[in-house]
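One structure is given below, encoded as structure tokens.
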Amino acid sequence: MRLPNIEIILMPIMSCNMSCDYCYVIDKYPNKMDLNLAKFIIEKIVAHNNPDVPTQVYWHGAEPLIAGINFYREICGWTRERYGIDAVQHHIQTNGTLLDENWFELFIQEHITVGVSLDGPKEIHNAHRKTLGGQQTFDTVFNNIMAARKKKLFFDALCVITRESLGREDEIFDFFFENKIDFGFEPLVPETEKMALDLAITPIDYAQVAIRLFDRWFFQAERRLRMVVPPYHYLKAILKGGNSYCNFSKNCANHYLTVSPDGTVHSCIMFAERPDYAYGNIRNSELDAILESPIRQRMLKERATQIEKCKNCRWLSMCQGGCPHHALVQHGTLLQPDMFCESYRLIFEHVYDVTKNALLSNR
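For the sequence shown, this note's numbering gives the first residue as 374, with consecutive numbering after it.
Shown next as structure tokens:
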């Protein structure tokens with residue numbers, strides 16, 4: 374029996390041209406991943422994975438486009454020539470400020486999918502997403518998205534829910550709906566005391582936001598938005614009894630690896646600045662040794678089966694105890710529920726009722 378395919382998240386650079394006040398990358402630095410190291414990592418992962426299933430490579434950061442367009446031209450051209458078109462599939466998550474026609478041409482040529490960080494309408498986005506010099510970024514990002522659309526490129530957006538978002542769920546949804554931008558949203562996870570004091574929201578706050586955005590997506594009179602995440606995964610969890618969405622996965626460490634510019638390996642980007650959660654360094658350790666590292670083996674144990682609060686929860690199969698990083702930030706340990714545990718209970722109760730009523734009304 375084959376192990377699950379590894380989806381690899383590469384962080385080629387840890388610097389950024391922006392200074393978002395909720396950024397999870399606290400210590401930014403200019404080191405860039407060596408191109409040969411990137412190729413070496415992809416070779417190792419492709420060799421490990423099932424060849425019948427495309428290997429997924431996610432380019433993340435800080436801001437991955439700072440690595441430069443020639444870096445991606447080289448790596449994408451190399452994977453295409455070595456493995457064939459789409460055997461290795463590339464995805465980039467960017468703040469959207471550096472996009473231009475050259476990037477669009479690369480995305481088209483290499484079939485790269487792109488996610489852009491966009492917190493919604495101008496006022497909400499500009500509240501937290503500014504350049505290093507303090508300039509607002511909404512107009513640049515939105516104009517770049519619209520320019521890409523003229524090339525038939527459609528980017529998904531990622532929206533962070535902060536206090537600025539509260540009570541403005543309809544405004545956020547309407548913005549994405551009117552512009553036909555599929556989007557995902559996540560609550561701010563406070564990595565510092567200042568974030569917790571100034572920006573963080575409560576689990577009840579998040580539940581209210583998520584429920585309203587779910588309803589707006591589910592009950593669209595005109596289905597202009599195909600995908601809104603995580604509402605899609607809430608629904609899928611109710612209908613199927615669970616899913617592979619990373620926050621609700623039985624074990625995300627089973628199928629994700631993240632590599633920092635120097636080759637250090639973690640489970641995901643949220644752990645990338647935590648040396649005590651590193652699996653090793655792929656420059657001087659074999660992939661098998663990294664996969665068998667004691668830290669990873671500890672993280673592979675299904676958290677929900679070890680958390681007393683989760684054992685008798687009605688929604689255990691839906692959320693699996695939630696995100697381990699969220700638990701670590703709130704409780705200092707992986708062996709507690711996600712800090713948004715109460716949010717998920719309220720959300721799943723609501724989605725269950727909505728789904729049941731919708732199914733009964735169509736009988």
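We put the beta carbon where it would ideally sit given N, CA and C, even for glycine. From a predicted model like this one, the values you see are computed outputs, not experimental measurements.
Per-residue burial, residue i [other beta carbons within 10 Å of its own, 16 or more giving buried]
| i | result |
| --- | --- |
| H698 | buried |
| G434 | buried |
| R647 | exposed |
| N517 | buried |
| Q693 | buried |
| N475 | exposed |
| D459 | exposed |
| M374 | In this prediction, M374 scores a pLDDT of 49, lower than 50, which makes its location untrustworthy; no coordinate-derived value is stated. |
| L608 | buried |
| G469 | buried |
Beta-carbon separation (whole angstroms), residue i vs residue j, contact threshold 8 Å
| i | j | result |
| --- | --- | --- |
| L471 | L438 | 4 Å |
| E564 | Y397 | 5 Å |
| R589 | D543 | 7 Å |
| P576 | I534 | Their Cβ separation, rounded to whole angstroms, is 12 Å, which puts P576 and I534 out of contact at 8 Å. |
| E675 | N616 | No, E675 and N616 are not in contact; Cβ-Cβ is about 15 Å, not under 8 Å. |
| F556 | K524 | Not confirmed; about 20 Å, so no contact. |
Residue from the options whose Cα sits closest to the Cα of residue i
| i | options | result |
| --- | --- | --- |
| Y431 | P424, N423, Y445 | Y445 |
| N390 | R502, N654, Q593 | R502 |
| H463 | I497, A500, G614, A411 | A411 |
| P403 | Q466, V702, D635, Q693 | D635 |
| T643 | I655, E665, N620 | Before going further, note that residue 643 is Met rather than Thr in the sequence given. Checked all of I655, E665, N620; the closest Cα to M643 is N620. |
| Y395 | L572, N475, I379 | L572 |
| L630 | K613, N616, I668, I611 | I668 |
| M691 | H421, L479, T637, Y605 | Y605 |
| C641 | R676, I382, N378, K525 | I382 |
| N499 | C532, C714, A569, T637 | C532 |
| L539 | L586, R522, D555, V632 | L586 |
| Y725 | L612, Q429, H421 | L612 |
| W688 | Q429, E722, Q679, M672 | E722 |
| A530 | E566, I465, N685, E483 | I465 |
Bridge partners - residue i, DSSP secondary structure assignment
| i | result |
| --- | --- |
| P560 | I534 |
| G653 | V638 |
| I382 | Y431, T631 |
| D529 | G488 |
| T513 | Bridge partners of T513: none, in fact. |
| V461 | T428 |
| Q466 | G488 |
| K405 | I386 |
| T504 | M391 |
| V602 | G557 |
Next on the checklist: Quick test of the definition: if touching needs 3 or more C-beta pairs under 8 Å, does the stretch 659-667 touch the stretch 724-732?
Outcome noted: Contact fails: fewer than three Cβ-Cβ distances are below 8 Å.
Checklist entry - Using 8 Å as the Cβ pair cut-off and three pairs as the minimum, do the stretch 481-498 and the stretch 511-523 touch? => result With a cut-off of 8 Å, the stretch 511-523 and the stretch 481-498 count as touching, because enough Cβ pairs lie within range.
Checklist entry - Using 8 Å as the Cβ pair cut-off and three pairs as the minimum, do the stretch 447-461 and the stretch 409-428 touch? => result Per the Cβ contact rule, the stretch 447-461 is in contact with the stretch 409-428 (3 or more Cβ pairs under 8 Å).
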